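In our numbering, the protein residues as written are 848 to 1255. Even for Gly, the Cβ is constructed at its ideal location relative to N, Cα and C. Keep in mind it's a predicted model, so treat the numbers as computed, not measured.
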Ligand SMILES: [Mn+2]
């Protein structure tokens, strides 16, 4: 395992560690994602701040939008750490920050490095290491912690394992690379035991008396389904103290709430709320999914795309209002909606054969047509953000694009 620690990447981690070591302020703001990996990253960073004697504030967000970054940097200075997000947003953050705060981005998503005196990016992708396979944000924060305080960090190696499993880095049968390095240290310290289920490794977390995947799923429920209720706060606490009765109750209530809302929404779609166009079928949930975050409409599309009431050969598109209220920040001045797209099975085969255009082509183009920006697009699944009241215009642009593709 030592070779990891002597790699070029380790020098990058050292440089990032210097930024926090030489920081002269007394408080650090941590901005983190709301899934299990983001929650585990925040948990590790909270210990780093404690260890170094900094006061810390935590802000949980679903995505890095300029309006959110503006609010964060308007009201705060000192040091701001973004984690499990923002790898691609360094430029925008640097522009908004305008030299005010010391910013460190600790992410494992695709990233773009920038030349800046105040904004720094620590991301394995920049060193040619896949952050989707070998390093979760939690493992990265663990390694960061380890460089700052090796002994103290090792008490929390299991948290890196929870984050890695939360991001499904065990999908090939077990975690790999830097994730595995964190796992090996958790095993050495009896925090985790590896068991086998067929050819798959399962990570039993001794402190919790259960498996990492169950714990991670619970953390994601708290952060994503319970986003507007600040469920992630309970998640961070649970990383250290386990799940108390109140937190377990919250998890099961959130699970039931999601199931109930999804069932009702399916009925509404069957009752005529699924609008049929030539190539698309679409619906708008408004704020019906509140308090669940805007990732929910994507999860809902994923669930219903295979159901029999959905037309097998048309694109499925759902919209969800983006709430103005960000739990840790208050009201943000924006009026926008999240759009999620999926391809039902028959259409999916046509898209993959190249007979129909993919969502990675249609969604960015249709977004542009209404002045929006798409940032997460794949052939058969995509998401974007557009201004409110542009939904019908978006659908029109989308239809036109498919028409042109069919014609040409
Ligand atoms: Mn992650």
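- If the five residues before and after residue 1158 are omitted, its C-beta is found closer than 8 Å to the C-beta atoms of 1123, 1128 and 1191, all from its own chain and listed in chain order.
- The beta carbon of residue 889 sits no closer than 7 Å to any heavy atom of ligand 1.
- Distance between residue 1218 and residue 1235, taken at the CA atoms: about 11 Å.
- Annotation: the continuous alpha helix (DSSP H) that includes residue 1197 extends over 1192-1199.
- Going by C-alpha positions, residue 861 is about 10 Å away from residue 993.
- Separation of the CB atoms of residue 934 and residue 913 is rounded to 16 Å, and the pair is thereby denied contact status at 8 Å.
- When the alpha-carbon of residue 995 is set against those of 1130, 894 and 1113, the nearest one is in 894.
- Annotation for residue 955 indicates a beta carbon within 7 Å of some heavy atom of ligand 1.
- Assignment of residue 1221 by DSSP, reduced to helix, strand and coil, places it in the strand class.
- One Cα belongs to residue 923, the other to residue 962, and the distance between them is close to 22 Å.
- Between the beta-carbon of residue 1008 and that of residue 1050 there is about 6 Å, and that keeps the pair under the 8 Å contact cut.
- Just measuring C-alpha positions, the residue of 960, 965 and 1139 sitting nearest residue 972 is 960.
- Under the Cβ criterion (8 Å, minimum of three pairs), the segment 1158-1178 counts as touching the segment 1066-1086.
- Taking C-beta atoms under 8 Å as the contact rule, residue 1083 and residue 889 qualify, at a distance of about 5 Å.
- Using a cutoff of 7 Å, the CB of residue 884 counts as near ligand 1, since one of the ligand's heavy atoms is closer than that.
- The beta carbon of residue 1067 is closer than 7 Å to those of 882, 883 and 1013 in its chain, skipping five residues each way along the sequence.
- Each residue's CA atom was taken as its position, placing residue 1252 and residue 1239 some 20 Å apart.
- By the Cβ-count criterion, residue 1105 is buried, with 16 or more other Cβ atoms from all chains shown falling within 10 Å of its own Cβ.
- Taking a 10 Å sphere around the C-beta of residue 1255, we find fewer than 16 other C-beta atoms and assign the residue as exposed.
- Between residue 1200 and residue 1163, the gap from beta carbon to beta carbon reaches 8 Å or more.
- A direct Cα-to-Cα measurement between residue 1148 and residue 1109 gives close to 10 Å.
- Residue 986 has its Cβ no nearer than 7 Å to any heavy atom of ligand 1.
- Judged by beta-carbon spacing, residue 906 lies beyond the 8 Å limit of residue 943, meaning their Cβ atoms are not closer than that value.
- Here residue 1133 has 1168 as same chain residues with Cβ atoms under 7 Å from its own Cβ, once five neighbours each way along the sequence are excluded.
- The closest heavy atom of ligand 1 lies less than 7 Å from the beta carbon of residue 983.
- Residue 1176 is positioned such that its CB atom lies closer than 8 Å to that of residue 915.
- Not one heavy atom of ligand 1 is found less than 7 Å from the C-beta of residue 1026.
- Here DSSP, grouped into helix, strand and coil, assigns residue 1143 to helix.
- In this structure, the CA atom of residue 1020 is about 12 Å from the CA atom of residue 1041.
- Inclusion of residue 930 and residue 946 in the CB contact set at 8 Å is not warranted, their separation being larger than that value.
- Using a cutoff of 7 Å, the CB of residue 1014 counts as near ligand 1, since one of the ligand's heavy atoms is closer than that.
- Remark: C-beta atoms of residue 1026 and residue 986 approach each other more closely than 8 Å.
- Judged by DSSP secondary structure, residue 1252 falls outside any beta strand (DSSP E) and instead within the alpha helix (DSSP H) spanning 1238-1254.
- Within the DSSP secondary-structure output, residue 1162 pairs in a beta bridge with 1127.
- Between residue 1004 and residue 1038, the C-beta spacing is below 8 Å.
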